[in-house]
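Okay, structure first, notes after.
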Amino acid sequence: MKTSLKTFLDDLYLIDPTLQAHEAEIIPLVEKLLASDPAVEPDTEFVKRLRMQLQDRAAELQSPATAGFSRWFYALGGAVTAAVIIPLVFITVNKPDTSLMPPATPSDSSALFGYTVTEEGKDAFGSLSDLMEGSSPPPTGGGGDSTRENVAAPEMVLESMPAPDMAMGSDAKMIAPYPMTKYTYVYAGEFPELSSTVAVYKRNPSSKSIPFSAIGSSLNLGNIDLTSFNGMKMDSVSFSQNQPYGYQMTVNLRDTAVSLDAQWDQWPMSKCQTDGCYQAERVKLADVPSEDDLIAAANAFIKDHAIDISHYGTPTVDMTWKRDYDRAPNKNDVWIPDQLRVLYPLVIDGHSVSDQSGMSSGISIDVHIKSRKVMHVYGIMSRNYAKSDYAGVSDSKDIKDYLAKLDNYAWMPESDLAAAETATVTLGEPMMGYSVYYKYDRVFRQEMLIPSLTFPVKEVKGGDPYFYRSYIVVPLASDMLKEQQNGGMPIPPAV
Numbered sequence: 000m001k002t003s004l005k006t007f008l009d010d011l012y013l014i015d016p017t018l019q020a021h022e023a024e025i026i027p028l029v030e031k032l033l034a035s036d037p038a039v040e041p042d043t044e045f046v047k048r049l050r051m052q053l054q055d056r057a058a059e060l061q062s063p064a065t066a067g068f069s070r071w072f073y074a075l076g077g078a079v080t081a082a083v084i085i086p087l088v089f090i091t092v093n094k095p096d097t098s099l100m101p102p103a104t105p106s107d108s109s110a111l112f113g114y115t116v117t118e119e120g121k122d123a124f125g126s127l128s129d130l131m132e133g134s135s136p137p138p139t140g141g142g143g144d145s146t147r148e149n150v151a152a153p154e155m156v157l158e159s160m161p162a163p164d165m166a167m168g169s170d171a172k173m174i175a176p177y178p179m180t181k182y183t184y185v186y187a188g189e190f191p192e193l194s195s196t197v198a199v200y201k202r203n204p205s206s207k208s209i210p211f212s213a214i215g216s217s218l219n220l221g222n223i224d225l226t227s228f229n230g231m232k233m234d235s236v237s238f239s240q241n242q243p244y245g246y247q248m249t250v251n252l253r254d255t256a257v258s259l260d261a262q263w264d265q266w267p268m269s270k271c272q273t274d275g276c277y278q279a280e281r282v283k284l285a286d287v288p289s290e291d292d293l294i295a296a297a298n299a300f301i302k303d304h305a306i307d308i309s310h311y312g313t314p315t316v317d318m319t320w321k322r323d324y325d326r327a328p329n330k331n332d333v334w335i336p337d338q339l340r341v342l343y344p345l346v347i348d349g350h351s352v353s354d355q356s357g358m359s360s361g362i363s364i365d366v367h368i369k370s371r372k373v374m375h376v377y378g379i380m381s382r383n384y385a386k387s388d389y390a391g392v393s394d395s396k397d398i399k400d401y402l403a404k405l406d407n408y409a410w411m412p413e414s415d416l417a418a419a420e421t422a423t424v425t426l427g428e429p430m431m432g433y434s435v436y437y438k439y440d441r442v443f444r445q446e447m448l449i450p451s452l453t454f455p456v457k458e459v460k461g462g463d464p465y466f467y468r469s470y471i472v473v474p475l476a477s478d479m480l481k482e483q484q485n486g487g488m489p490i491p492p493a494v
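Numbering (numbering that gives the first Met the number 0), first residue to last: 0 to 494.
Quick look at the structure:
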């Protein structure tokens, strides 16, 4: 054994004595690395890099089921393709031998973006009475702002603050909305069959992380030793495509989610800097393509990049803007969005998933109207769930009681309601599905899917001409509905 090689091994065993049991496998890797280095004598930086790489490789040898860096990128499959990915880092001269990286394995069971359901015991996720509504996808808009939150907000550390108390009357200083309108929701049709037991799902991201040494040793910043931060791992990675109509991609390994945004300075509209240009580029009603054309553009993007939509339903186009356009007395004052969202709803147990506005929750693809090109993609993520049975709403009277208390401000003093207007909202036949809610424990947020009935709004008589609801979503988990009936005040969803 060469003296230099023995020195390296001795140093490595000082770091982790258990690695000595794998010396037969480690030696060939060390020799390959030494052979690939152009220096006659390895310098200090090379030794550091070698030690870190050996630790990573030895860990893989000890745990062969663990996926390596290249396997994770294989698992991204359709989401991260050669047409989109451009490396984030500049590799130094002493780059690692890529032959040492574990090969991509198509049958790797630890795929980053899986779809699994694991059965849990009854009431496995604790009380559902404190769940909060899930939001719709993030708003679209120019600028390629990479700081926006992903559509699938991660189950990771949030601000250490308690969830707000949404109980009716809990805040005596609450200001009444103005102008006041009491709404009566009317549904005269039949209810679907209800069950005393419902299945609730909790998303479990298959979190991954890349040892920092996998890239840290290849980054020579000159003013800080990145490899000195022991135990650090990479939870997310970003890529950019600096070419016309290029993209920014963020891969969140901790939440196992991918988001894609236009690389703004590579899109022609970024050159528009004057009001005259903005007005000239402003979208007119005649510019808006048909919903079929928008869906066709989104489908083409999905096909080009092999995005897996096998667990998603029929796509629809978010046409909320059109409702406001039709209501406006002066159409010239209405700003028509320059991109429209195509939504592919996640399907669980044969039912689509939505948020509390009734908007589909799953993969969303924003298509730029004038160029017919995709600008943003959100919602590509692991879909691994735990499933647990809970008591369900089995009596339609409970649903009627919920509707009777909705938007009537019963938590306010009667004197404040004397001058309130009244309005009647007629609801259509409800659809069975799942709705997104979140469970907070001061630090973490967990995504929950709750069985729900979604009633479409058919007609509104009286009240605000800009009535915001398109759907009414009623949760079918018993303790959730009881909480809202007994004092929980639903938050109006953003539409």
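Backbone N, C-alpha and C define an ideal beta-carbon position, used for all residues, glycine too. Since the structure is predicted, the reported quantities are computational estimates derived from the model, not experimental observations.
Distance, Cα to Cα, residue 20 vs residue 5? Along the sequence shown, read from residue 1 onward, the residue named residue 20 stands at position 21. Along the sequence shown, read from residue 1 onward, the residue named residue 5 stands at position 6. Rounded to whole angstroms, residue 20 to residue 5 spans 15 Å at the Cα level.
Integer Cβ distance of residue 526 from residue 463, believed to fall under 8 Å: Any property of residue 526 remains undetermined from this structure, which presents the chain solely from 0 to 494.
Cβ pair residue 454, residue 426 closer than 8 Å: To locate residue 454, count along the sequence shown from 1; it is residue 455. To locate residue 426, count along the sequence shown from 1; it is residue 427. Yes, these two residues count as a Cβ contact at 8 Å.
Given a threshold of 16 other Cβ atoms within 10 Å of its Cβ, counted over all protein chains shown, does residue 476 qualify as buried or as exposed? Numbered from 1 along the sequence shown, position 477 holds the residue referred to as residue 476. The residue is buried, with at least 16 neighbouring Cβ atoms inside 10 Å.
Are the beta-carbon atoms of residue 376 and residue 364 separated by less than 8 Å? For the purposes of this step, residue 376 is identified with residue 377 of the sequence shown, where counting begins at 1. For the purposes of this step, residue 364 is identified with residue 365 of the sequence shown, where counting begins at 1. In terms of Cβ geometry, residue 376 and residue 364 form a close pair [threshold 8 Å].
Please tell me whether residue 261 and residue 358 are closer than 8 Å, where the distance is taken between their beta carbons. Counting from 1 along the sequence shown, the entry for residue 261 is found at position 262. Counting from 1 along the sequence shown, the entry for residue 358 is found at position 359. Going by C-beta atoms, residue 261 is not nearer than 8 Å to residue 358.
According to DSSP, simplified to helix, strand and coil, what is residue 273? Position 274 of the sequence shown, counted from the first residue, corresponds to residue 273. Note: residue 273 maps to coil in three-state DSSP.
On the criterion of 16 or more Cβ atoms from any shown chain inside 10 Å, does residue 113 qualify as buried, or is it exposed? The residue labelled residue 113 in the question sits at position 114 within the sequence shown. Answer is exposed; the Cβ neighbour count stays below 16.
Helix or strand or just coil, what does DSSP make of residue 214? Working through the sequence shown from its first residue, we reach residue 214 at position 215. Helix, per DSSP.
Alpha carbon to alpha carbon, what distance is there between residue 214 and residue 227? Residue 227 sits at position 228 when you count from the first residue of the sequence shown. Residue 214 sits at position 215 when you count from the first residue of the sequence shown. Straight-line Cα distance between these residues: approximately 13 Å.
Within 8 Å, strictly: CB atoms of residue 408 and residue 131: For the purposes of this step, residue 408 is identified with residue 409 of the sequence shown, where counting begins at 1. For the purposes of this step, residue 131 is identified with residue 132 of the sequence shown, where counting begins at 1. No, the Cβ-Cβ distance between residue 408 and residue 131 is not below 8 Å.
Do the segment 119–130 and the segment 392–406 make contact, defined as three or more Cβ pairs closer than 8 Å? Segments in contact, no.
Residue 480, buried or exposed, once every other Cβ within 10 Å from all chains shown has been counted against 16: Looking up residue 480 in the sequence shown gives position 481. Counting Cβ neighbours within 10 Å, residue 480 comes out buried, since at least 16 surround it.
Expressed to the nearest angstrom, what Euclidean distance is found between the alpha-carbon atoms of residue 378 and residue 316? Working through the sequence shown from its first residue, we reach residue 378 at position 379. Working through the sequence shown from its first residue, we reach residue 316 at position 317. Each residue's alpha carbon lies about 16 Å from the other.
Inside the segment 277–347 only - alpha helix (DSSP H) runs reaching at least 4 residues: 290–303 and 319–326, all fully within the segment 277–347.
Applying the 10 Å Cβ sphere with the 16-neighbour rule, what's the burial state of residue 9? What you label residue 9 is simply residue 10 of the sequence shown in a count that begins at 1. Here residue 9 is exposed: its Cβ has fewer than 16 other Cβ atoms, across all protein chains shown, within 10 Å.
Cβ-based neighbour list, residue 203, same chain, cut-off 6 Å, excluding 5 preceding and 5 following: Position 204 of the sequence shown, counting from 1, holds the residue named residue 203. 383 and 385.
Let me know if residue 337 comes out buried or exposed under the rule of 16 or more other beta-carbons within 10 Å of its beta-carbon. Here residue 337 refers to the residue found at position 338 when the sequence shown is read from its first residue. Residue 337 comes out buried.
Does DSSP put residue 404 in a helix, a strand or coil? Taking the sequence shown and counting its residues from 1, one reaches residue 404 at position 405. Here residue 404 sits in helix by DSSP.
Kindly identify the DSSP beta-bridge partner or partners of residue 184. The residue labelled residue 184 in the question sits at position 185 within the sequence shown. 424, per the DSSP bridge assignment.
From residue 190 to residue 348, what distance separates their C-alpha atoms? Within the sequence shown, numbered from 1, the residue matching residue 190 stands at position 191. Within the sequence shown, numbered from 1, the residue matching residue 348 stands at position 349. Distance between the alpha carbons of residue 190 and residue 348 is about 20 Å.
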